[in-house]
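A short write-up of the structure that comes next.
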Ligand code: BJ8
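Numbering (the numbering used here), first residue to last: 564 to 991.
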């Protein structure tokens, strides 16, 4: 999909973007990518695909979306901010879902005209990206689907909705038979809204195909996760994180093939005893808030400290791929219920109680032979900060060293984080 000779400026201008500011963003992200990814030693050769994805994120991939829409396939682009929005439903109505990342600060002063200063960086990031007109995914989206998960997002969508057509899903915060029914209805309400947007009816055939497409991607990610239990780990946490980040933006079928190729190469590396980090490197399980592109800061610090991340319990990790949607359904109603049930099982900190997340973290730490757990919440995220106490207790009971950090997208605390993480890794 790369086309170095193509002039993307008219496309960005056509989307209403601030091209000059966008050049500045691309230069900064390119620098971050080079520092974090291209300095890694002994990467699997198949991760070259990820370099291509990163290189094309704002150019080739956007061109595909725009050209596709002009040709009527996909008919529409739907932007989402949360794992609770089912991609199967969007695909089945002839649209394509893109994750709106907001993993960097952008025009925080502008954003603070709409949201308070002490708002988590992810929320401030998406407000700033929209106000600065620098994200081609936000600008190319025909509709943005939000959700009333945390209080910050719920209220921010009221402001964001003034800038962009936005539809908000009502996600329950407890799991009971009643809320399951409410959530199933909510998934149906989304299906109707997306059908209305695309003018295309969801059929049993298209929904089944949407389920299969997403499941195949999840199966490939599960395979890549499993191979990381080997020692030495065949692929870095940074590349694994980027693989899931790509799953929110790249073409699903193409990415699935690339992930399977990565998994295959990693399986061979395991047989050959080849690792990305030396045998004996300390193994870290990450848990916490999502890491949206280009938020590679923490993983970069961990891995540059000589440790290797061997699993991610988060929305840009296992929560995205650990559960499949049943492929047994034959009617649209049945499949929508199967989709709703699968998504209700996502262990986000908005749920109370949320014991399943602790169980997942301990299970994953054991599966991946982790030496320690690093739990991270984005600054001002009360939910994940709160859950860190229960998580610490669960880790203590399981006898696994644990560390909690809270950070933002800036580099001011880099030095302090490095010192803390190096001390933690040395102690393991
Ligand atoms: S399913 S984790 S993607 S809500 S970090 S904005 S919670 S204050 S991102 Fe999330 Fe969906 Fe849950 Fe996943 Fe609020 Fe916390 Fe900020 Fe957060």
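Every residue gets a Cβ at the ideal spot worked out from N, C-alpha and C, and that includes glycine. The model shown is predicted, which means the values in this text are computed figures rather than measured ones.
Across which residues does DSSP place residue i in a beta bridge pair?
i	result
residue 732	710
residue 640	659
residue 936	848 and 965
residue 874	848
residue 941	970
Roughly how many angstroms lie between the CA atoms of residue i and residue j, to the nearest whole one?
i	j	result
residue 774	residue 918	27 Å
residue 967	residue 816	36 Å
residue 564	residue 726	Reliability of the predicted coordinates at residue 564 is poor, the pLDDT of 49 falling under 50, and the value obtained from them is presented with this limitation in mind. About 31 Å.
residue 766	residue 650	15 Å
residue 808	residue 571	23 Å
residue 666	residue 684	8 Å
residue 982	residue 847	16 Å
residue 935	residue 798	18 Å
residue 691	residue 584	12 Å
residue 866	residue 634	43 Å
residue 596	residue 854	14 Å
residue 939	residue 861	9 Å
residue 838	residue 669	37 Å
residue 884	residue 587	33 Å
residue 955	residue 850	11 Å
residue 819	residue 603	23 Å
residue 653	residue 987	43 Å
residue 746	residue 948	26 Å
residue 881	residue 626	30 Å
residue 605	residue 878	27 Å
residue 741	residue 876	28 Å
residue 759	residue 637	15 Å
residue 822	residue 784	7 Å
residue 841	residue 581	45 Å
residue 871	residue 845	6 Å
residue 914	residue 648	16 Å
residue 763	residue 891	23 Å
residue 864	residue 744	43 Å
residue 620	residue 645	19 Å
residue 524	residue 777	Shown here, the chain extends from 564 to 991; a query on residue 524 therefore has no answer.
residue 786	residue 886	13 Å
residue 828	residue 836	12 Å
Is residue i buried or exposed, if buried means 16 or more other CB atoms sit within 10 Å of its CB?
i	result
residue 594	exposed
residue 591	exposed
residue 736	exposed
residue 601	exposed
residue 687	buried
residue 802	buried
residue 656	buried
residue 834	exposed
residue 660	buried
residue 910	buried
residue 696	buried
residue 676	exposed
residue 679	exposed
residue 607	buried
residue 916	exposed
residue 950	buried
residue 681	exposed
residue 780	buried
residue 622	buried
residue 921	buried
residue 905	buried
residue 755	exposed
residue 894	exposed
residue 811	buried
residue 574	buried
residue 952	exposed
residue 825	buried
residue 908	exposed
residue 739	exposed
residue 996	The displayed coordinates of the chain run from 564 to 991. Any statement about residue 996 would go beyond what the structure contains.
residue 568	exposed
Practice task
Determine, using beta-carbon pairs with one atom in the segment 769-783 and one in the segment 894-912, whether at least three such pairs fall under 8 Å.
Solution key: yes
Exercise for the section: Would you be able to state if there are at least three C-beta pairs under 8 Å between the segment 746-754 and the segment 928-944? Expected result: no
Problem - Below 6 Å from a heavy atom of the ligand BJ8 - residues by beta-carbon - result: 645, 646, 647, 683, 685, 686, 712, 713, 715, 716, 852, 853, 878, 909, 911, 913, 941, 944, 946 and 947
Exercise for the section: Determine, using beta-carbon pairs with one atom in the segment 613-622 and one in the segment 726-736, whether at least three such pairs fall under 8 Å. Expected result: no
Problem - Cβ pair count under 8 Å reaching 3, the segment 701-713 against the segment 629-646 - result: yes
Problem - the segment 953-968 contacting the segment 691-701, beta-carbon criterion three pairs below 8 Å - result: no
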